[in-house]
Each structure stands twice: as structure tokens, then as C-alpha cells.
Amino acid sequence: MGDDFWKTKVRITCEEKLGKCSTHKVGDSFVYSYPGEYIKEMCPGIQDPARMWVSLCAAGVPSWEADDPNIYRIHCISKKGTVWRIERVTDESKG
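Numbering (our numbering), first residue to last: 23 to 117.
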């Protein structure tokens, strides 16, 4: 990990809602200005589990996604919650 790691922006976007979620809706998107940043608009049910994957994504570690190893998809802690896409922001105009 070089100096670029701490400057890497990562986007997390809600892709799917499997049940009830009073905080987030499909399409909600947030950008981490640096790995480990706290985003007050995100509930702890996704913010805490996402922290590790955001850091790995920022470091460029390939994910388990066969169709695109540059993105991660994770689920919030609720069994009927939300599915989120995590990806590096590569174009400053999009982040």
C-alpha cells in the first residue's frame, strides 16, 4: 500500500432491498473520501460491515465477483436488508 491508498475514493451504492429498511433505498450512494471515513448518513448496519471491504477495494485487492473483480457486493447485517456495491471512484467528475 502506497500513499495513494489514503487518497483513494470508494463509492458504495445500494443495489437491492430484500425486505424492510427504514434508512436506505435502492440507488442511495455515498463516496468515501478515504478508506475508513465515517459517513453519518449511513446506518451502522452497513457502515461497520463495509469498512473492511472499502479498504480492500481502495487497495486494489480483487473481489470474489466473477463478472467483475473490481467491485464488491455485500449485504447489510439484517437478514432482510440491503445489498450494496462497492467500487473505486476512477473519474473525479463522478465522485
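By construction, the Cβ of each residue, glycine as well, lies at the ideal position given by its N, Cα and C atoms.
Would you give the residue range spanned by the beta strand (DSSP E) that residue i belongs to?
{"i": "residue 51", "result": "51 to 54"}
{"i": "residue 36", "result": "32 to 39"}
{"i": "residue 93", "result": "93 to 97"}
Can you round the beta-carbon distance between residue i and residue j to whole angstroms, since I take them to be within the 8 Å contact cut?
{"i": "residue 83", "j": "residue 54", "result": "Wrong, their Cβ atoms sit about 15 Å apart, outside the cutoff."}
{"i": "residue 65", "j": "residue 45", "result": "4 Å"}
{"i": "residue 57", "j": "residue 30", "result": "7 Å"}
Taking the alpha helix (DSSP H) that residue i belongs to, which residues open and close that run?
{"i": "residue 105", "result": "Premise fails: residue 105 lies in the beta strand (DSSP E), 104 to 110, not in any alpha helix (DSSP H)."}
{"i": "residue 68", "result": "66 to 81"}
Can residue i and residue j be called in contact, C-beta distance under 8 Å?
{"i": "residue 110", "j": "residue 32", "result": "yes"}
{"i": "residue 105", "j": "residue 38", "result": "yes"}
{"i": "residue 68", "j": "residue 98", "result": "yes"}
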